[in-house]
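Chemist:
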Amino acid sequence: MADEINRQGELSAESRDKIIIRTSVVGILANVLLAAAKAVIGFAANSIAVILDAVNNLSDAMSSVVTILGAKLAGKAPDREHPFGYGRVEYLSAMIVSGLVLYAGITSAVESVKKILHPETADYDTVGLVIIGIAVVVKIVLGRYVKAQGEKANSGALIASGADASFDAVLSLSVLASALIFLYTGISLEAYVGVVISGFIIKSGVDMMKETLDDVLGVRMDKALSRKIKGLLNEEPEVRGAYDLVLHNYGPDKNLASVHLELPDTMTVAEVDRLTRKVERKIVEETGVFLVGVGVYSHNTGDDEAAKMQKAVREIVMAHDWAVQIHGFYVEPEKKALRCDVVMSFDVDHMEGVRILTEEISAAYPEYTVHVAPDVDISD
Numbered sequence: 002m003a004d005e006i007n008r009q010g011e012l013s014a015e016s017r018d019k020i021i022i023r024t025s026v027v028g029i030l031a032n033v034l035l036a037a038a039k040a041v042i043g044f045a046a047n048s049i050a051v052i053l054d055a056v057n058n059l060s061d062a063m064s065s066v067v068t069i070l071g072a073k074l075a076g077k078a079p080d081r082e083h084p085f086g087y088g089r090v091e092y093l094s095a096m097i098v099s100g101l102v103l104y105a106g107i108t109s110a111v112e113s114v115k116k117i118l119h120p121e122t123a124d125y126d127t128v129g130l131v132i133i134g135i136a137v138v139v140k141i142v143l144g145r146y147v148k149a150q151g152e153k154a155n156s157g158a159l160i161a162s163g164a165d166a167s168f169d170a171v172l173s174l175s176v177l178a179s180a181l182i183f184l185y186t187g188i189s190l191e192a193y194v195g196v197v198i199s200g201f202i203i204k205s206g207v208d209m210m211k212e213t214l215d216d217v218l219g220v221r222m223d224k225a226l227s228r229k230i231k232g233l234l235n236e237e238p239e240v241r242g243a244y245d246l247v248l249h250n251y252g253p254d255k256n257l258a259s260v261h262l263e264l265p266d267t268m269t270v271a272e273v274d275r276l277t278r279k280v281e282r283k284i285v286e287e288t289g290v291f292l293v294g295v296g297v298y299s300h301n302t303g304d305d306e307a308a309k310m311q312k313a314v315r316e317i318v319m320a321h322d323w324a325v326q327i328h329g330f331y332v333e334p335e336k337k338a339l340r341c342d343v344v345m346s347f348d349v350d351h352m353e354g355v356r357i358l359t360e361e362i363s364a365a366y367p368e369y370t371v372h373v374a375p376d377v378d379i380s381d
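Listed below in structure tokens is the structure:
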């Protein structure tokens, strides 16, 4: 089964790479042509706004090249040194793309300010304006296409490029508007439009970098995915609860997860083994997430006193605002031992929380040895 899943994963990855590369090539060709046309118009008309628009298109083409290289590297098969593959290389490529966009924005801002301080008169012609108008339409179509393909392939770099292309259409439209205003009123706004263009480019670069940094650092697991996985696990009749779900991301669509299941204390090791193998297969088929670690909590069965104690301890724990959840509760009456896990928010020092709860539960059950394990609030 694992081999079939791996083969399916490789086919999916191959298809995804083709989408990324094909879309990036389309972006490169379109942006190079637009950059060349705008550069000719910009230098002929002595227009800083048009020249900067050309530079912006050229940076987009460079970004697409980086995206292709990132996709090819990320698609390398796992090896001994990198057993989880090279998927995270895509985050690095997205970081490089955002750096290129940011550099283009800062450079554009500097040149625009120079033109404000030392203005030069532009000289537009009809053909140039028509080409800029066509460029606006091309960028709108390209932006929608690249973004749609990025969402299809779950590629952050493509989605960012698509959004950037849509911004470019607005910026090119502002260049066209400033040219028309100059032709009809004699008022030159192009240097100021260049500053506006620079601002948008810089903001786009910063936003892209922030999103990529979030991917690198790790963000909270998607709520819908978390609830779906826990819902699928809780469908099994033996499972009394699914907790401590942790997702480890090794690149787009490459997710490994671990979880704790609360099971009856009457289950044998063989039964637990059979169940865990079943849910591992179920989760990867339904969500594409590989459940690589399944821990077990024992649930008291046939013990009314334990049930009463669990209810009382839950009331003690949940009386605190920083206590998010209690689970893994188990009592061993013959050993006078009580244990539970408590999910705590980020508003409290976890060791201090453990101390407080241990003292309060021990006060309620002084004859028991109490062990409280802190859990981090990492998934919904």
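The sequence shown begins at 2 in the working numbering and counts up by one.
In this text, a Cβ means the ideal position worked out from N, Cα and C, and glycines have one as well.
Quick check on this structure: which residue in L184, T288, V27 has the alpha carbon closest to the alpha carbon of D254?
Modeler: T288
Chemist: Start and end of the beta strand (DSSP E) containing E239?
Modeler: Element bounds for E239: n/a, residue is neither H nor E.
Chemist: According to DSSP, simplified to helix, strand and coil, what is M345?
Modeler: strand
Chemist: From the DSSP secondary-structure annotation, give me the bridge partner or partners of Y251.
Modeler: DSSP, once it has assigned bridges, lists no residue as partnering Y251.
Chemist: Would you mind working out which of V349, V332, F330, V318 sits nearest E360, comparing C-alpha positions?
Modeler: Of the listed residues, the one whose Cα sits closest to E360 is V318.
Chemist: According to DSSP, is H321 helix, strand or coil?
Modeler: coil
Chemist: Output the residue ranges of the alpha helix (DSSP H) runs that lie fully inside the stretch 129-213 and measure 4 residues or longer, sorted by chain position.
Modeler: As summarised for the stretch 129-213, the continuous alpha helix (DSSP H) elements at least 4 residues long and confined to that stretch are 157-186, given in chain order.
Chemist: Residues in the same chain with beta-carbon distance under 7 Å from S179, minus the five sequence neighbours each way, listed in chain order, please.
Modeler: A50, L190, E191, V194
Chemist: DSSP has T370 in a bridge; who is on the other side?
Modeler: A338
Chemist: Does DSSP put G219 in a helix, a strand or coil?
Modeler: coil
Chemist: Locate the alpha helix (DSSP H) running through G100, then write down its first and last residues.
Modeler: 90-118
Chemist: Counting only runs of 4+ residues fully inside the stretch 272-298, write out the alpha helix (DSSP H) ranges in chain order.
Modeler: none
Chemist: Are there any heavy atoms of the ligand FAD lying less than 7 Å away from the beta-carbon of G71, as far as the coordinates show?
Modeler: Here there are no bound small molecules, and the ligand FAD is not part of this structure.
Chemist: Could you check what DSSP says for D245 in three-state terms: helix, strand or coil?
Modeler: strand
Chemist: Do you know offhand how far L103's Cα is from F330's?
Modeler: 52 Å
Chemist: Let me know the beta strand (DSSP E) ranges lying completely inside the stretch 55-94, each 3 residues or longer, listed in chain order.
Modeler: Qualifying beta strand (DSSP E) stretches: none in this window.
Chemist: Can you find the residues in the same chain that come closer than 8 Å, C-beta to C-beta, to S363, ignoring five residues on each side of it along the sequence?
Modeler: Y369, V371
Chemist: From V35 to A78, what does the alpha carbon distance come to, in whole angstroms?
Modeler: Looking at the sequence provided, one finds Leu at residue 35 rather than Val. C-alpha of L35 to C-alpha of A78: approximately 36 Å in a straight line.
Chemist: Quick one: give me the first and last residue of the beta strand (DSSP E) that S380 is part of.
Modeler: Where S380 is concerned, there is no enclosing beta strand (DSSP E), given that its DSSP letter is neither H nor E.
Chemist: Who are H328's beta bridge partners in DSSP?
Modeler: D342
Chemist: Is E5 buried or exposed, if buried means 16 or more other CB atoms sit within 10 Å of its CB?
Modeler: Any reading at E5 must be qualified, since the residue scores a pLDDT of 37, below 50, and its modelled position is unreliable; the value itself is stated next. Flag for E5 reads exposed.
Chemist: What is the DSSP secondary structure of S227, counted as helix, strand or coil?
Modeler: helix
Chemist: Would you check if the distance between the CB atom of I21 and the CB atom of S156 is smaller than 8 Å?
Modeler: Judged by beta-carbon spacing, S156 lies within the 8 Å limit of I21, meaning their Cβ atoms are closer than that value.
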